[in-house]
Amino acid sequence: MSPSFLQWPIGPMSFTYQIEAPGVIDWARSRFVLGVYPLAGGVYYQTYMLTPVPYRKLAAWLCGWCFTLGNIIITLSVNFGTTLFFIGCINVFRVDDGTGSGETVGIFQAEAYHVYLIFLGITSLCTAISVFGNRWLHHLDTGTVIWTFLGTLAIVICVLAIAAEGRRNAAWVFGGFEVNSGWSPPGWSFCIGLLHAAYATSATGMVVSMCEEVQRPATQVPKALVGAILLNMLCGLIFLVPICFVINDISAVINDPTGQPLPAILSSAIGNEVGAFVLTVPIIILGIFCGTGCTTAAARCTWAFARDGAIPGSRRLKFDSVNQKFGLPLNAMMLCWLVQVLLGLIYLGSSAAFNAFNGSGVIFLTLSYVIPVAISFFSGRKALTNAQFNLGKLGWFANAASIAWCAFAIPLFSMPSALPVNQSNMNYACVVFVGGIAIAAGWYALKGKQYDGPRTTETTEVLARQPSHASATRKSSGHV
């Protein structure tokens with residue numbers, strides 16, 4: 001939760017309902033094409049198989065670049081979000097500002113380079129866990145689900161039980177309508193605020209990159225996607241509604257010097273600094289878990305795209321290889337780490353420009369998700385006839401809703417967060433998106449003739465044969 005999450009929408013009503021809207025759309029488009037094409041390339045491979053032969057190479061190239069860039073950028077934004085949240089949590093501890101005015105400041109006034117160094121540490125930690133803990137990642141995944149529920153319950157119970165500054169009434173929580181963004185009409189302000197909810201659900205599709213390490217991926221991975229989306233919606237609702245009940249002054253939270261609304265809300269609700277910090281610890285740890293999961297998925301996605309020669313240096317730098325010692329695509333993972341570290345340097349020059357990566361990551365993934373859905377829809381969904389995970393006639397409605405949502409969301413998420421537009425609230429996501437597409441187009445112009453598309457005849461057991469967490473899962477339970 002960032003300050004703009006409180007500023008963009010129209011009060012608590014948006015917190016309550018916005019998390020559900022993208023979740024419903026995500027459920028509707030839950031990549032049921034996976035039931036036919038369960039490979040690590042995910043939507044990239046699906047696009048190639050569904051597109052008419054004359055256009056399939058170009059379509060797969062575009063989708064693959066969007067999917068790969070989206071995976072890496074979302075991983076970057078998760079790790080950077082954890083960094084900023086961690087700093088905000090530290091700053092619930094206040095000290096006198098030294099001016100004699102009686103005002104207080106956080107105990108850690110982080111400079112830009114402090115933020116970057118913490119980000120570097122968190123990114124490296126998530127990568128290290130993914131590499132050295134590869135055999136036990138299935139336990140981490142299970143633990144994350146349990147940790148999410150327990151952490152959510154602990155926070156909800158504490159803030160509602162204590163509520164040091166009182167509680168709002170239900171009418172305000174479920175019907176509060178406050179335009180803080182400057183956008184008009186208010187309904188458009190509500191739509192602009194959907195970015196944060198879409199961001200929260202955008203990474204669910206990254207799980208398709210694990211298809212080649214899962215037993216019965218044609219059924220298990222779609223089930224995992226649907227379950228993740230429903231879990232996200234449920235936990236989001238359980239968490240946000242009680243939080244809204246204990247927000248007494250939205251403007252004070254937005255302007256809190258910690259720069260992070262949630263620590264400020266918890267601090268006012270609990271009434272003491274130590275208690276507020278303790279309640280933020282589960283979220284910090286969950287951020288590390290999420291960063292690790294995103295790192296793992298992004299590496300598999302990058303590896304799948306690199307083995308088809310679509311990434312510069314794939315053969316020479318072995319981004320297309322699986323490390324035999326660790327049983328994972330180590331070089332592809334280190335490429336993801338390097339890209340994140342280099343892009344993170346942008347924060348040293350402009351925090352506003354860096355924030356564009358949140359929106360652009362959602363745009364890249366949204367476009368990559370909708371391409372195979374749209375191709376399948378407009379070709380009569382013929383390829384899904386024998387899918388093992390199929391919605392039947394309801395699939396037509398789900399596909400149509402998904403296409404309509406993506407056509408609306410992509411330009412929407414390029415809009416500025418507030419009016420009037422200035423350097424701090426300008427949305428540069430479209431610049432990052434166009435830049436990414438330009439790189440993809442340029443590389444296609446240079447190497448497109450050598451690109452033959454995904455290796456459709458290659459076995460789907462390349463990683464599954466490695467001593468990874470997938471094989472451990474098979475031995476223990478046979479389930480994802």
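In full-length UniProt numbering, the protein residues as written are 1 to 480. C-beta atoms are modelled at their ideal positions from N, C-alpha and C, and glycine is treated no differently. Since we're looking at a predicted model, the values are computed, not measured.
- Shown here, Val322 sits in coil according to DSSP, grouped into three states, outside any helix or strand.
- Out of Gln450, Thr152, Ala154, the CA that lies nearest to the CA of Pro312 is found in Gln450.
- Under the three-state reduction of DSSP output, Leu317 falls in the coil class, being neither helix nor strand.
- Note: Val105 is bridge-paired with Val95 in the DSSP secondary-structure output.
- For Ser368, same chain residues with a beta-carbon under 7 Å away, outside a window of 5 residues either side, are Val43, Cys63, Cys66, Phe67, Gly70 in chain order.
- Three or more beta-carbon pairs separated by less than 8 Å are not found between the region 108-123 and the region 312-324, which leaves the two stretches without contact.
- Of Phe86, Gly102, Ser130, Ile129, the smallest CA-CA separation from Phe119 is found for Phe86.
- Straight across, the Cα-Cα distance linking Gly102 with Ala171 is about 36 Å.
- For Leu367, DSSP records no beta bridge to any residue.
- With contacts defined by Cβ atoms closer than 8 Å, Ala299 and Leu328 form a contacting pair.
- Buried is the label assigned to Gly291, since at least 16 other Cβ atoms lie within 10 Å of its Cβ.
- Shown here for Cys158: same chain residues with a beta carbon closer than 7 Å to its own, the five before and five after excluded, namely Ile270, Leu279 in chain order.
- Taken atom to atom, the span from the alpha-carbon of Ser417 to that of Ala429 is near 11 Å.
- Judged by their CB atoms, Cys244 and Arg168 are nearer to each other than the 8 Å cut-off.
- Listed as beta-bridge partners of Leu153 by DSSP are no residues whatsoever.
- Look at Leu419 here: in three-state DSSP terms it is coil, with no helix or strand label.
- Taking all protein chains in view, the Cβ of Thr75 is crowded by 16 or more other Cβ atoms within 10 Å, so the residue is classified as buried.
- Bridge partners of Leu328 according to DSSP: Asn323.
- Secondary structure note for Pro242: its alpha helix (DSSP H) is the uninterrupted segment 217-245.
- The residue from Ile265, Ala59, Thr47 with its alpha-carbon nearest to that of Ala441 is Ala59.
- For Leu348, the CB contacts under 7 Å within the same chain, skipping 5 residues up- and downstream, are Ala112, Tyr113, Tyr116 in chain order.
- For the 8 Å CB-CB criterion, Phe319 and Leu335 form a contact.
- Distance from the CA of Gly133 to the CA of Thr127, rounded to the nearest whole angstrom, comes to 10 Å.
- Remark: fewer than three beta-carbon pairs, one from each stretch, lie closer than 8 Å, so the region 218-225 and the region 49-57 are not flagged as touching.
- For Ser202, the enclosing alpha helix (DSSP H) has its first and last residue at 194-202.
- Cα atoms of Thr148 and Ser402: separation of roughly 28 Å, rounded to the nearest angstrom.
- DSSP, reduced to helix, strand and coil, places Tyr45 within a helical segment of the structure shown.
- Counting C-beta atoms within 10 angstroms of its own C-beta, Asp249 has fewer than 16 neighbours from the protein chains shown and is therefore classed as exposed.
- In terms of Cβ geometry, Ser351 and Phe433 do not form a close pair [threshold 8 Å].
- If the five residues before and after Ile265 are omitted, its C-beta is found closer than 7 Å to the C-beta atoms of Ile243, Val246, Ile247, Val253, all from its own chain and listed in chain order.
- Cys63: member of the alpha helix (DSSP H) spanning 56-90, first to last residue.
- With contacts defined as CB atoms closer than 8 Å, Gly287 and Gly143 fail to qualify as a contacting pair.
- Taking the C-beta atoms as reference points, Leu50 is found no nearer than 8 Å to Ser424.
- Here Pro372 is buried, its C-beta having at least 16 other C-beta atoms within 10 Å.
- Check the Cα spacing between Lys325 and each of Ile72, Val131, Ala438: the tightest is with Val131.
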